[in-house]
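Just so you know, the sequences run in chain order A and B. So the number in this note's numbering is just where the residue sits in the first sequence, counting from 1, plus 3. So the number in this note's numbering is just where the residue sits in the second sequence, counting from 1, plus 187. Glycine included, C-beta positions come from ideal geometry on N, C-alpha and C. In what follows, a structure is listed as structure tokens, so that the remarks can point back to it.
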Amino acid sequence: MEHRTKAVVMDAEAVSRALTRIAHEVVEANKGAERLAFVGILTRGAHVAARLAARIREIEGTDVPVGLLDISFYRDDVGVRLNPEVHRTDIPFSVDGRTIVLCDDVLYTGRTIRAAMDAIMDYGRPDCIQLAVLVDRGHRELPIRADYVGKNVPTSAKERVKARFAEEDGADAVDILEAAGEGE
Amino acid sequence: MLSCRHVIDIEDLTPEEIVHVLDTADAFAEVNERQIKKLPTLRGRTVINLFLEPSTRTRTSFEIAAKRLSADAVNFSASSSATVKGESLRDTAKTLSAMACDLVVVRHKYAGAPRILAESMDSCVVNGGDGMHQHPTQALLDLYTMRKALGRLEGLTVGVVGDISHSRVAGSLVPALRMVGATPVVVAPPTLLPSRPDVLGAEVAHDLDEVLPDLDVAYLLRVQMERAEGMPFPSVREYARLYGMNRARMDRLRDGAIVMHPGPMNRGVEISADVADSDRSLVLGQVESGVAVRMAIMYLLLGGEASGAAA
Numbered sequence: 004m005e006h007r008t009k010a011v012v013m014d015a016e017a018v019s020r021a022l023t024r025i026a027h028e029v030v031e032a033n034k035g036a037e038r039l040a041f042v043g044i045l046t047r048g049a050h051v052a053a054r055l056a057a058r059i060r061e062i063e064g065t066d067v068p069v070g071l072l073d074i075s076f077y078r079d080d081v082g083v084r085l086n087p088e089v090h091r092t093d094i095p096f097s098v099d100g101r102t103i104v105l106c107d108d109v110l111y112t113g114r115t116i117r118a119a120m121d122a123i124m125d126y127g128r129p130d131c132i133q134l135a136v137l138v139d140r141g142h143r144e145l146p147i148r149a150d151y152v153g154k155n156v157p158t159s160a161k162e163r164v165k166a167r168f169a170e171e172d173g174a175d176a177v178d179i180l181e182a183a184g185e186g187e
Numbered sequence: 188m189l190s191c192r193h194v195i196d197i198e199d200l201t202p203e204e205i206v207h208v209l210d211t212a213d214a215f216a217e218v219n220e221r222q223i224k225k226l227p228t229l230r231g232r233t234v235i236n237l238f239l240e241p242s243t244r245t246r247t248s249f250e251i252a253a254k255r256l257s258a259d260a261v262n263f264s265a266s267s268s269a270t271v272k273g274e275s276l277r278d279t280a281k282t283l284s285a286m287a288c289d290l291v292v293v294r295h296k297y298a299g300a301p302r303i304l305a306e307s308m309d310s311c312v313v314n315g316g317d318g319m320h321q322h323p324t325q326a327l328l329d330l331y332t333m334r335k336a337l338g339r340l341e342g343l344t345v346g347v348v349g350d351i352s353h354s355r356v357a358g359s360l361v362p363a364l365r366m367v368g369a370t371p372v373v374v375a376p377p378t379l380l381p382s383r384p385d386v387l388g389a390e391v392a393h394d395l396d397e398v399l400p401d402l403d404v405a406y407l408l409r410v411q412m413e414r415a416e417g418m419p420f421p422s423v424r425e426y427a428r429l430y431g432m433n434r435a436r437m438d439r440l441r442d443g444a445i446v447m448h449p450g451p452m453n454r455g456v457e458i459s460a461d462v463a464d465s466d467r468s469l470v471l472g473q474v475e476s477g478v479a480v481r482m483a484i485m486y487l488l489l490g491g492e493a494s495g496a497a498a
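Shown next as structure tokens:
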């Protein structure tokens with residue numbers, strides 16, 4: 004199904020400000036950045052994790068390790084649909100005893116986050132798992148909430164939310180998309 | 188996602204699908220390096236290993252792959268199967284179907300048996316080796332091992348050496364190499380080649396020493412005395428002298444070239460002990476790759492239809 008942009012809800016400046024705020028919140032909530040690690044959920048959560056780590060380096064002068072997590076194998080709907088693009092998970096540090104901040108671009112049903120938590124637990128026993136997302140669009144199907152949210156964007160279930168990042172998409176922005184033909 | 192429901196011949200996959208299987212296996216290889224080597228991916232699915240011919244590494248590899256994906260794996264061997272009481276393959280297929288299994292891995296001494304099974308049941312069927320025909324997952328794990336060691340497949344020259352006429356490994360590997368843009372060269376005495384070697388679609392050579400300097404991979408096949416009718420060469424010693432990979436021959440391979448063997452090895456016949464244990468030998472790497480590649484095949488066959496991911 005083709006989609007077209009209905010609205011741009013965050014431009015590059017808004018994305019930058021939101022990530023800077025989240026970085027400060029993470030440091031404040033955890034009383035510093037020691038024992039922290041960011042894990043970005045592939046694909047676009049990786050950019051959120053890398054940006055937050057860079058911000059915290061500027062704020063605290065601390066290098067927070069960053070890992071990448073593919074949750075394809077932990078989805079609860081493999082029998083129905085399968086992720087054709089499987090990526091390689093890369094968590095180059097021990098999660099034992101750390102505070103893991105899972106990072107994703109858009110929080111929707113919560114099923115991706117549930118899968119990500121299952122995956123992290125297979126790597127060890129973190130002290131705590133927190134969740135940072137650029138956008139929370141609602142429509143949760145599981146009792147999951149984010150600890151750090153860039154922007155709450157109420158949406159219709161028919162709409163899609165697309166976060167764009169300069170590294171991958173040429174520019175930073177968050178768009179609301181609707182199916183072509185809807186809303187006319 | 189694969190376009191086929193069964194993997195009986197390597198040609199059931201397209202070249203793009205072969206690469207997709209190898210890419211997916213890359214992700215599973217990472218799982219096999221973890222302390223907890225378990226994924227919930229195929230929870231609730233049942234995989235039956237129907238091995239009606241002896242096997243250690245293939246059966247174990249499929250079993251480990253299924254269990255690491257959280258599928259329930261059940262093993263049938265020839266001695267515990269009702270086939271020894273005269274049950275036909277079609278009846279075995281119907282029986283397994285009635286047990287609602289999701290995937291059957293079958294090894295059989297007769298070529299074509301997995302195809303008959305696939306036609307008689309709803310489950311996915313994977314050929315775990317049928318007679319002298321094919322062994323497609325072996326070819327996939329070999330390609331995976333080559334790509335991992337050499338960084339590419341396209342443009343490689345791979346010498347498949349030895350008992351070509353009886354080898355199901357060669358039956359899958361030679362077409363698989365062609366499909367991914369590599370050049371297979373079969374090297375064997377005429378008595379160990381099929382009567383019409385041109386149908387292999389590979390260059391044919393009889394002198395191993397002549398082709399050695401051109402090879403990126405020397406792939407040695409086991410001499411299958413149990414399948415040969417009579418002695419296909421004057422003596423094992425002569426075969427080893429003319430076609431066995433020894434230290435002197437290994438040193439004449441290109442820089443970076445690797446030595447592979449599907450196992451089990453006849454040390455001192457097709458491969459000398461020092462070559463088998465050398466750092467250019469990837470025999471154990473092939474076994475290791477087998478689990479990841481078979482996990483990928485199971486995942487892609489049982490994964491359902493592809494569509495967008497919910498967040």
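In the structure shown, L429 (chain B) adopts helical secondary structure according to DSSP, grouped into three states. Of all alpha-carbon atoms in A:A166, A:Q133, A:D172, the one lying nearest the alpha-carbon of R38 (chain A) is that of A:Q133. Closest option to P157 (chain A), judged by alpha-carbon separation, among A:Y126, A:V109, A:G173: A:V109. L395 (chain B) and Y430 (chain B) do touch by the CB rule: their CB atoms are close to 5 Å apart, below 8 Å. Pairing H50 (chain A) with C106 (chain A), the inter-Cα distance amounts to about 9 Å. When the alpha-carbon of E63 (chain A) is set against those of A:A36, A:L71, A:G43, the nearest one is in A:A36. Where R294 (chain B) is concerned, the enclosing beta strand (DSSP E) starts and stops at 290-295. Under the DSSP assignment, E31 (chain A) falls outside any beta strand (DSSP E), being part of the alpha helix (DSSP H) whose first and last residues are 15-32.
L407 (chain B) is bridged by DSSP to B:V348. L237 (chain B) sits away from V313 (chain B), with the two beta carbons spaced by 7 Å or more.
If you draw a straight line from the Cα of G490 (chain B) to the Cα of V89 (chain A), it is about 12 Å long. The stretch 446-494 of chain B contains, as complete alpha helix (DSSP H) runs of 4+ residues, the segments 460-463, 470-489 (chain order).
Classified as buried, V372 (chain B) has 16 or more neighbouring CB atoms from the shown chains inside 10 Å of its CB. Listed along the chain, the chain A residues whose CB falls inside 9 Å of the CB of A214 (chain B) are D73, S75, F76, V89, H90, R91, T92.
Relative to P376 (chain B), the option among B:H353, B:G388, B:V367, B:V345 whose CA is nearest is B:H353. Comparing alpha carbon positions, the residue from B:A212, B:L226, B:K272 closest to V478 (chain B) is B:A212.
Non-local C-beta neighbours of L71 (chain A) in its own chain, meaning closer than 7 Å and more than five positions away in sequence, comprise G43, L45, A49, T92, D93, ordered along the chain. With contact defined as three or more Cβ pairs closer than 8 Å, the stretch 173-183 of chain A and the stretch 300-310 of chain B are not in contact. Contact annotation for R481 (chain B) against chain A: no contact, minimum CB-CB distance about 15 Å [criterion: below 7 Å]. Beta-bridge partners assigned by DSSP to Q133 (chain A): A:V104. The C-alpha of V98 (chain A) lies about 33 Å from the C-alpha of M13 (chain A). It is roughly 16 Å from the alpha-carbon of I458 (chain B) to the alpha-carbon of G472 (chain B). For P371 (chain B), the three-state secondary structure derived from DSSP is strand.
DSSP, reduced to helix, strand and coil, places Y111 (chain A) outside both helices and strands of the structure shown, so it counts as coil. Residue range 259-264 is occupied by the beta strand (DSSP E) that includes A260 (chain B). One thing to note: I445 (chain B) has its Cβ within 7 Å of the Cβ of A336 (chain B). Apart from sequence neighbours up to five positions away, the residues of its chain that approach P419 (chain B) with a beta-carbon distance below 6 Å are T378, L379, ordered along the chain. Neighbours of Y126 (chain A) across chain B, judged by C-beta separation under 9 Å: R221, Q222, I223. For E217 (chain B), the nearest CB of chain A lies under 7 Å from its own CB, placing it at the interface with that chain. Boundaries of the beta strand (DSSP E) harbouring A40 (chain A): 39-44, taken from the DSSP string. Between the stretch 147-154 of chain A and the stretch 17-34 of chain A, the count of C-beta pairs closer than 8 Å reaches three or more; the two stretches touch. About 7 Å separates the Cβ atoms of V348 (chain B) and Y406 (chain B), confirming a contact at the 8 Å cut-off.
Per DSSP, the beta-bridge partners of V234 (chain B) are B:A260, B:L290.
With respect to the 7 Å criterion, T324 (chain B) and R481 (chain B) are classified as neighbours on the basis of their beta carbons. Within chain A, no residue has its CB atom less than 7 Å from the CB of T332 (chain B), the nearest being about 17 Å off. Taking C-alpha positions only, R232 (chain B) is separated from A326 (chain B) by approximately 25 Å.
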